[in-house]
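Residue numbers (my numbering), protein chains in the order written: chain L, 1 to 155; chain U, 1001 to 1564. Where a beta carbon is used, it is the ideal one built from N, C-alpha and C, also for glycine. Worksheet for the structure shown next.
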Amino acid sequence: MSDAIGIRPSVGENTRRALETIGDHLIPEAHGMPSAGTMGVGTTQLDVVLASRPDLAPLLEGALADAKLDDIGDFVRRLEAEDPEAHGAVTLAIVAGYYMHPEVHELIGYPGQVPKDAQRLGEREIYQEGLMDLAAKVIERGPVYRPTPNPDETS
Amino acid sequence: MLRGGELYMGKRLPSVALARRRRQESHVATKQDRADVLIVGAGASGGIAARYLAEAGLSVVCLEQGRWHDRSEFRGTSPDWEITGRKQWFPNPTIRGLAQDYPLNEDETDIAPLMFNGVGGSLILYAGVWPRMLPSDFKVRTLDGVADDWPLTYEELQPYYERTEAQVGVSGLEGDPAYPPGAGPPLPPLPLGTGAMKIARAHDRLGWHWWPEPNAILSRPYQGRRPCVQSGTCQQGCNEGAKATTDLTHWPMAIDHGARLITGARVRRVVTENGLATGAEWLDEDGNEHFQSASVVVLAANSIGTARILLNSTTSAWPDGLANSSGLVGRRLMMHPFASVTGLFDENLESWQGQFGCSIESFEFYETDESRGFVRGAKWGLAPTGGPINMALPARAGESEWGPDHHLLFRERFGRGQSWGLFGEDLPNEDNRIEIDDTLTDPVGIPAPKVIYKVGENSRKLLDFHIEKASESMIEAGAHKVETDSLMRYSGWHLLGTARMGDDPATSVVDRWGRSHDIPNLYAVDGSVFVTSSGTNPTSTIAALALRTVEHMVEERYSQEVPV
Ligand SMILES: Cc1cc2nc3c(=O)[nH]c(=O)nc-3n(C[C@H](O)[C@H](O)[C@H](O)COP(=O)(O)OP(=O)(O)OC[C@H]3O[C@@H](n4cnc5c(N)ncnc54)[C@H](O)[C@@H]3O)c2cc1C
Ligand code: SF4
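If you want it as structure tokens, here you go:
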């Protein structure tokens, strides 16, 4: 996709490390889920994201190349307040890198946007159990529209 | 006036030939013959107009600034569909910034307009929801004492609704008591899924209206197109071709009947002489200037694009914009202030999947009840909630949660949501408008529009009320949590009203047949002609009106004034 908007993605090592650190802070290992850093949001998954969204590279580089991350929470809060666009790029790169990882898909039970077999659109699925009975009750309750007024009343 | 049609090669083109022609059409010669009808814009209304006119034997040329899109370009089958949907396939042209787009000055608007520029127009990214307007929508002045009546009735438009529903292949269920009797959709409804059935049962208990939503999405194979596979990526382009877009449903037929569709062609202005339109000046992708001559000019560039062209077409006779004796060109812009109410349920509803598109609708609170403190109402449409990235980011309703509990919040939300989209009727206000920006231009230097739009008091009260009611619906259905998002900025899906129709030339831009009161061979067929917005998704009405307009144009062709 990179050609689509004609920018070559490139971010340096500092930016990659910062993404990993911030990623681990925002999405840490907990509740049976791995952290964002271990899922490669600063490495392989970042490359996956940038291949589709090369426009993020300069924003990430601008925000993170010289970032001081002594207090990560404070850094993220300040970035959000002072440069919402860069903050949006950082959170998107982390979230996208994480939730596009096949292992994470597996853990959250997400098969991707799989086309359902056309059979799914058989009579049984379309007219699900109860659908026609419920619809009949809507009809029984009567019309809910106001009819077109008589032409004499029209202004 | 109109010459007999020039059949293009007189026969159906095989796909290879079609592909070759598409390539050639991007590089047309500078000098053009006069067409019977020139259409600007190859989107929803442009496609419908072109097909009818070409099939009626007229010579049709369409100028479209975008290009053809092959279905394989759409990202729905790729893991990056959610992130490209936030940039390259984002529906706001300012963020998307593709070569075929034009920029908008959005500094003074509460709602950012959304659209797509290409063959098929905004349909490429639309959700496919295809409800008709209701009878009261056409007569709000008479019934509710607000805004204006349309110069036509639901009953007059009904046959055109039925015909356009057959053209695009609408799926739905006959008998909705929100409408007068008539022919139902040509195809059975799309599956509702577990979440929508829960809400249908809740409305049954509450005694509230609900009905399977009509969608221009195929539930069955239809006219050579494949049915929907529920992949849930409709708003990133449909890879199956199950969602109706005019590049599939109208342009091939129009081209078969001789219509010439010139892509990469940006119209700068409509040219007039002796009070009649003679054609349009346009620029190709390299900035070369061209002129397309025509007997009749039809604007189908959507409510922002059409206003922009008219306002850019000033002359000494028309210093405030062409066909603007009423002063209303560009004014009364309506965009449907929008809110969403998302219910979270305990069970996994796989709500990343299903048409995106709506499953069910409700018109329970659509009509005016003055005790509520506002007039008119909103249509509700129920949609799935999207993929994992959408649910993990705080873009829609709900707070972001970072740290260890991010996983708990994500688990609670992902796949377990159903979302009522609330489209509030947007009352027309002359201050809500399109102007031409002083400095902004598109890539070939054509002045770009500035959007000035404020959400009105009525809309705010209306949405507050509907959010409360939609929350009740979710709770009755068993949602353990309800998240709301009111007045979303990027919700300008529906662009309406900037060249309204009416009988009185002092208070309208076009007449009941879409024809300019001022320039008798200039027409508008897109959403710009809307008098009021209704609270329904507008494209079925745009389509029906476009068909009605061009049918009338053909019927009246012998009395049509044209340049000599
Ligand atoms: C994300 C999204 C979701 C939507 N979902 C729904 C839905 O579910 N249901 C519904 O009813 N509606 C929906 N809509 C709205 C729907 O797409 C529009 O109502 C419909 O496409 C309008 O048709 P139109 O013919 O007026 O304009 P468009 O379809 O927008 O077509 C206008 C065409 O004109 C071209 N053009 C403009 N200016 C120029 C120029 N100067 N020179 C040459 N060409 C030009 C443009 O490139 C474009 O292709 C949605 C829209 C979006 C963006
Ligand atoms: S859900 Fe259906 S209409 Fe939407 S993109 Fe998938 S196949 Fe197309």
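query                                                                                                                               : result
Span separating the alpha-carbon of G1398 (chain U) from that of T1484 (chain U)                                                    : Note that G1398 (chain U) scores a pLDDT of 49, beneath 50, so its modelled location is shaky and nothing firm can be said.
Of the residues U:A1470, U:P1093, U:A1183 and U:R1269, the one placed nearest G1321 (chain U), counting alpha carbons only          : U:R1269
Environment of H1336 (chain U) [buried if 16+ CB atoms lie within 10 Å]                                                             : buried
Check: A1300 (chain U) C-beta below 8 Å from any heavy atom of ligand 1                                                             : yes
Cβ-heavy atom distance, T1233 (chain U) to ligand 2, below 8 Å                                                                      : yes
Separation of G1120 (chain U) from T157 (chain L), as counted between CA atoms                                                      : As displayed, chain L neither begins before 1 nor continues past 155, which places residue 157 (chain L) out of reach and without an answer.
Residue-chain proximity (S1528 (chain U), chain L), Cβ-Cβ < 9 Å                                                                     : no
Buried or exposed (CB count within 10 angstroms, at least 16 for buried), F31 (chain L)                                             : The amino acid at residue 31 (chain L) is misidentified as Phe; the sequence shows His. Flag for H31 (chain L) reads exposed.
Interface partners of R77 (chain L) on chain U, CB under 7 Å                                                                        : The premise fails here: R77 (chain L) is roughly 11 Å from chain U at the closest Cβ pair, so nothing lies under 7 Å.
Straight-line gap, T1263 (chain U) to R1067 (chain U) (C-alpha atoms, nearest Å)                                                    : 5 Å
Euclidean distance between Cα positions of V1510 (chain U) and I1039 (chain U)                                                      : 16 Å
Sequence-distant residues of the same chain with beta carbon closer than 8 Å to R1226 (chain U), five excluded per side             : L1218, E1240, G1241 and A1242
Between the CA atoms of N1288 (chain U) and A1056 (chain U) - distance to the nearest angstrom                                      : 32 Å
Any C-beta of chain L under 9 Å from that of H1407 (chain U)                                                                        : yes
Buried versus exposed, by CB contacts within 10 Å (16 or more), Q1223 (chain U)                                                     : exposed
Chain U within 9 Å of D68 (chain L), Cβ atoms only                                                                                  : At residue 68 (chain L) the sequence reads Lys, which differs from the Asp that was named. No, its Cβ sits nowhere closer than 9 Å to a Cβ of chain U.
Under 7 Å (Cβ pairs) to chain U, residues found in the segment 50-61 of chain L                                                     : S52, R53 and D55
Chain L contact for W1210 (chain U) (CB, 9 Å cutoff)                                                                                : yes
is_contact[L1192 (chain U), chain L] using C-beta, thresh 9 Å                                                                       : yes
Collapsed DSSP secondary structure at C1062 (chain U) in the structure displayed                                                    : strand
D1247 (chain U) - containing alpha helix (DSSP H), residue span                                                                     : T1246 to T1249
Pairwise C-alpha distance: P54 (chain L) and I7 (chain L)                                                                           : Confidence at I7 (chain L) is low in this model, with a pLDDT of 49, below 50, so its placement is unreliable and no value can be given for it.
Length of the line joining the Cα atoms of L1522 (chain U) and G1275 (chain U)                                                      : 10 Å
Residues of the segment 1164-1179 of chain U with Cβ closer than 7 Å to any Cβ of chain L, in chain order                           : L1173, G1175, P1177, A1178 and Y1179
Cut-off 7 Å between Cβ atoms - residues of its own chain near G1456 (chain U), not counting five sequence neighbours on either side : L1427 and N1429
Touching by the beta-carbon criterion (3+ pairs, under 8 Å), the segment 1130-1145 of chain U and the segment 1204-1217 of chain U  : yes
Nearest to L1328 (chain U) (by Cα), restricted to the options U:D1247, U:R1557 and U:G1497                                          : U:G1497
H1494 (chain U) beta carbon less than 9 Å from that of W1380 (chain U)                                                              : no
Other residues of its chain near E990 (chain U): CB distance less than 7 Å, five sequence neighbours each side excluded             : What the structure shows of chain U is the stretch from 1001 to 1564, and residue 990 (chain U) is not part of that stretch, so it cannot be assessed.
Interface residues of chain U facing V11 (chain L) [CB-CB closer than 7 Å]                                                          : Correct list: empty, because the minimum Cβ distance to chain U is about 16 Å.
Candidates L:V48, L:P151, L:V11 and L:E140, of which the one nearest Y98 (chain L) by Cα                                            : L:V48
Cβ-based neighbour list, R1372 (chain U), same chain, cut-off 6 Å, excluding 5 preceding and 5 following                            : F1465
Backbone CA spacing between R1331 (chain U) and V76 (chain L) [nearest angstrom]                                                    : 42 Å
Within 9 Å of chain U by C-beta, residues of the segment 23-53 of chain L in sequence order                                         : H25, L26, I27, P28, E29, A30, H31, G32, M33, V48, V49, A51, S52 and R53
Within chain L, the residues that L1134 (chain U) reaches when beta carbons sit closer than 7 Å                                     : Y145
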